[in-house]
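Q: Heads up: the protein sequence lines correspond to chains D and X, in order. Using numbering that gives the first Met the number 0, the letters of the first sequence correspond one by one to residues 0 to 91. Using numbering that gives the first Met the number 0, the letters of the second sequence correspond one by one to residues 0 to 91. Here a beta-carbon is modelled for each residue, glycine too, at the ideal position from N, C-alpha and C. Because the structure is a prediction, the values reported are computed rather than measured.
Protein chains: 2
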Amino acid sequence: MGFQESFKALSDPTRREILNLLRAGPMSAGDLLKHFSMTGASLSHHLSILKNAGLIDDERQGKYIFYTLNTTVLDDIMNWMLSLKGENRDEE
Amino acid sequence: MGFQESFKALSDPTRREILNLLRAGPMSAGDLLKHFSMTGASLSHHLSILKNAGLIDDERQGKYIFYTLNTTVLDDIMNWMLSLKGENRDEE
DNA sequence: TAGATATTTAGATAATTGTCTAAATAATAA
DNA sequence: TTATTATTTAGACAATTATCTAAATATCTA
Chain D
0 MGFQESFKAL SDPTRREILN LLRAGPMSAG DLLKHFSMTG ASLSHHLSIL
50 KNAGLIDDER QGKYIFYTLN TTVLDDIMNW MLSLKGENRD EE
Chain X
0 MGFQESFKAL SDPTRREILN LLRAGPMSAG DLLKHFSMTG ASLSHHLSIL
50 KNAGLIDDER QGKYIFYTLN TTVLDDIMNW MLSLKGENRD EE
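(1) I'd like to check one pair, D/Ser10 with X/Phe6: are the Cβ atoms closer than 8 Å?
(2) Spatial neighbours of D/Phe65 within its chain, please: C-beta separation below 8 Å, excluding the five flanking residues on both sides.
(3) Can you pull the chain D residues whose beta carbon is under 7 Å from the beta carbon of X/Met26, in chain order?
(4) Quick check on DSSP: helix, strand or coil for X/Thr13?
(5) Cβ atoms of X/Leu31 and D/Met80: under 8 Å apart, would you say?
(6) When the Cα atoms are used, what is the spatial distance from X/Leu54 to X/Arg14?
(7) How many Å lie between X/Glu90 and D/Leu21 at the Cα?
(8) Could you compute how far the alpha carbon of D/Met77 sits from the alpha carbon of D/Leu83?
(9) Output, in chain order, the set of chain D residues within a Cβ distance shorter than 7 Å of X/Ser10.
(10) What are the residues in the region 45 to 75 of chain D lying within 9 Å of chain X by C-beta distance?
(11) Below 8 Å on the Cβ atoms is my guess for D/Glu4 versus D/Asn51; work out the distance and round it to an integer in Å.
(12) Quick check: the Cα distance between D/Gly85 and X/His34, rounded to an integer number of angstroms?
(13) Using DSSP bridges, identify the partner residues of X/Gln3.
(14) In the DSSP assignment, what are the bridge partners of D/Arg22?
(15) Is the CB-CB distance between X/Leu49 and X/Ala8 below 8 Å?
(16) For X/Asn69, I'd like the list of residues in its chain whose CB is within less than 8 Å of its CB, leaving aside the five on either flank, ordered along the chain.
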């Protein structure tokens, strides 16, 4: 999973809002859906893109699938940005 | 200029490489072009997207237009990412 | 088992995007 | 001015994407 996927995932406002909502803790697809005016299929599409980008994890619990934030990729991106600013500890 | 434009700008590998190249200092479009195998028109398109996203600045000097990194937007993005991680000083 | 609920997958469509060629603009040099 | 160099803009085209409807899968409950 490279930056390509991550930035594409982050470039959609619905997906950024999903990440914001998940700050509060794990939520099911149905919980998340209440915050949007789109079909479940569309939301599911966004969730799969976020998952492929490594930005969220999912875990089924019975009928529900709970999604959680995964901030590892965000750390990688921030390190890359710091390196652009000439502030990355890992190089130079 | 919102995150929408910024993340879209960052989601293309050519544009991320342009930013990397500009770490070394200002470069003209022609300087940058040497590092890619695309037409000047295509590169110009990428530069305009980066500029619209606030990620680079440009300044004409005679025949040349020099591009420089602008890291302000990167700071904004990093703050947003820190807030996702629950580490933003500006809130909570 | 059958039925209900939660979620995803498949397939279609309109909008966006990255690239190209050709033409236009800007600045310099002869 | 004319020609040359540097860069952008315009227009076209193929690939990608966000959304939808309809159907499929997974789980629970009666």
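A: Taking the coordinates as given:
(1) Within the second sequence, numbered from 1, the residue matching residue 6 of chain X stands at position 7. Within the first sequence, numbered from 1, the residue matching residue 10 of chain D stands at position 11. Cβ distance < 8 Å, so X/Phe6 and D/Ser10 count as in contact.
(2) Locating residue 65 of chain D in the first sequence gives position 66, where the first residue counts as 1. Apart from sequence neighbours up to five positions away, the residues of its chain that approach D/Phe65 with a beta-carbon distance below 8 Å are Pro25, Met26, Ser27, Asp57, Glu58 and Arg59, ordered along the chain.
(3) Against the second sequence, residue 26 of chain X aligns to sequence position 27. Taking the beta carbon of X/Met26 as reference, no residue of chain D falls within 7 Å; the closest one sits roughly 14 Å away.
(4) Your numbering for residue 13 of chain X matches position 14 in the second sequence. Of the three classes helix, strand and coil, the one that applies to X/Thr13 here is helix, per DSSP.
(5) As a working note, residue 80 of chain D is residue 81 in the first sequence. As a working note, residue 31 of chain X is residue 32 in the second sequence. It is not a contact, given that the beta carbons lie outside the stated cut-off.
(6) Counted from its first residue, the second sequence places residue 54 of chain X at position 55. Counted from its first residue, the second sequence places residue 14 of chain X at position 15. Between X/Leu54 and X/Arg14, the C-alpha separation is close to 10 Å.
(7) Here residue 90 of chain X is taken as the residue at index 91 of the second sequence, counted from 1. Here residue 21 of chain D is taken as the residue at index 22 of the first sequence, counted from 1. Only weak support exists for where X/Glu90 lies, its pLDDT of 48 falling under 50; the coordinates are left without a value.
(8) Position 78 of the first sequence, counted from the start, is the residue given in the question as residue 77 of chain D. Position 84 of the first sequence, counted from the start, is the residue given in the question as residue 83 of chain D. C-alpha of D/Met77 to C-alpha of D/Leu83: approximately 10 Å in a straight line.
(9) Taking the first residue of the second sequence as 1, we reach residue 10 of chain X at position 11. Residues of chain D passing the Cβ test: Gln3, Phe6, Lys7 and Ser10.
(10) Within the region 45 to 75 of chain D, the residues whose Cβ lies closer than 9 Å to any Cβ of chain X are, in chain order, Leu68, Thr70, Leu73 and Asp74.
(11) Translated into positions along the first sequence, residue 4 of chain D becomes position 5. Translated into positions along the first sequence, residue 51 of chain D becomes position 52. Their Cβ separation, rounded to whole angstroms, is 6 Å, which keeps D/Glu4 and D/Asn51 in contact under 8 Å.
(12) Against the first sequence, residue 85 of chain D aligns to sequence position 86. Against the second sequence, residue 34 of chain X aligns to sequence position 35. Straight-line Cα distance between these residues: approximately 21 Å.
(13) Looking up residue 3 of chain X in the second sequence gives position 4. Its beta-bridge partners do not exist; DSSP assigns none.
(14) Here residue 22 of chain D corresponds to residue number 23 of the first sequence, with the count starting at 1. According to DSSP, D/Arg22 shares a beta bridge with no other residue.
(15) As a first step, residue 49 of chain X must be located in the second sequence, where it is residue number 50. As a first step, residue 8 of chain X must be located in the second sequence, where it is residue number 9. Taking 8 Å as the cut-off, the Cβ atoms of X/Leu49 and X/Ala8 count as close.
(16) Position 70 of the second sequence, counted from the start, is the residue given in the question as residue 69 of chain X. Take X/Asn69, set aside five residues on each side of it, and the residues of its chain with a beta-carbon closer than 8 Å to its own are Gly53, Leu54, Ile55 and Asp56, in chain order.
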